[in-house]
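Colleague:
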């Protein structure tokens, strides 16, 4: 039962596209990640994914539109929907998703990170 | 699939201690609420509750300590833990909790609000 200071937690994150866990509740993780550049197209068969931009700006490319999210904006990518996150400049993002969610969803790519208990910050 | 702008959503909220739903994912709701004054002591038997302060400052009183949360700080109240949120000045808070969570947990008080599909903003 500790206070989670988002700024302090983001300071602990070095790489991009490597979500770190900051809280667990009700079978869900709260994760933080820095985005920069282009992630891979993927979808999550069984899990919806919540994005909240804490700092900066990201685009979530969908097959038929682009969702631009600025600081203080959120978006849910429903399960099964292909998406590709992109950030021109470094952005800080909070994610809510089930514990079982693999970051690259239905694909294993060079960007895939296994999220397990080693990934707490 | 719409962008959720937290500032715009908070502008739609008039009262205090009346959570409004802004997103649903994986059996959980993302809710926003304005806090001011003192809420009731309560606990949630089966649900952990995530608090993120978007603006202002709140205290979460526990039976043995006080957790002070400022903008950009988060806290998880584990299931079963009695807590009493307090805010001296108006604060804006994001909550993440299961759909079934009743705001006042194990107690029905004058502050209890039934959260259902009428409570989306």
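Protein chains in written order, with our numbering: chain R, 1271 to 1391; chain Z, 1271 to 1391.
Just so it is clear, CB atoms sit at the ideal spot from N, CA and C, and this is done for glycine as well.
Looking at the secondary structure, which residues open and close the alpha helix (DSSP H) in which residue 1276/Z lies?
Modeller: 1276-1281
Colleague: At which residues does the beta strand (DSSP E) containing residue 1299/R begin and terminate?
Modeller: 1298-1308
Colleague: Is it buried or exposed, residue 1375/R, if we count other Cβ atoms within 10 angstroms and call 16 or more buried?
Modeller: buried
Colleague: Cutting at 8 angstroms between CB atoms, please list the residues of its own chain near residue 1290/Z, excluding the five before and the five after it.
Modeller: 1279, 1282, 1283, 1301, 1302, 1303, 1389, 1390, 1391
Colleague: Counting C-beta neighbours from all protein chains within 10 Å, is the total for residue 1359/Z 16 or more, i.e. buried, or is it exposed?
Modeller: exposed
Colleague: Note the first and the last residue of the continuous beta strand (DSSP E) segment covering residue 1364/Z.
Modeller: The continuous beta strand (DSSP E) containing residue 1364/Z extends over residues 1353-1368.
Colleague: Assuming residue 1276/Z contacts residue 1319/Z under a Cβ cut-off of 8 angstroms, what Cβ separation, rounded to an integer in Å, is found between them?
Modeller: Not confirmed; about 18 angstroms, so no contact.
Colleague: If we cut at 8 angstroms on Cβ distances, does residue 1350/Z have a partner in chain R?
Modeller: Contact of residue 1350/Z with chain R is not assigned, every C-beta pair being separated by 8 angstroms or more.
Colleague: Over the uninterrupted beta strand (DSSP E) stretch that includes residue 1327/Z, give me the two end residues.
Modeller: 1327-1332
Colleague: For my contact list, residue 1371/R and residue 1312/R are in at a C-beta cut-off of 8 angstroms; report their separation, rounded to the angstrom.
Modeller: Not confirmed; about 11 angstroms, so no contact.
Colleague: Establish whether the CB of residue 1357/R and some CB of chain Z are separated by less than 8 angstroms.
Modeller: no
Colleague: How long is the line joining the alpha carbons of residue 1295/Z and residue 1346/R, rounded to whole angstroms?
Modeller: Cα-Cα distance, rounded: 7 angstroms.
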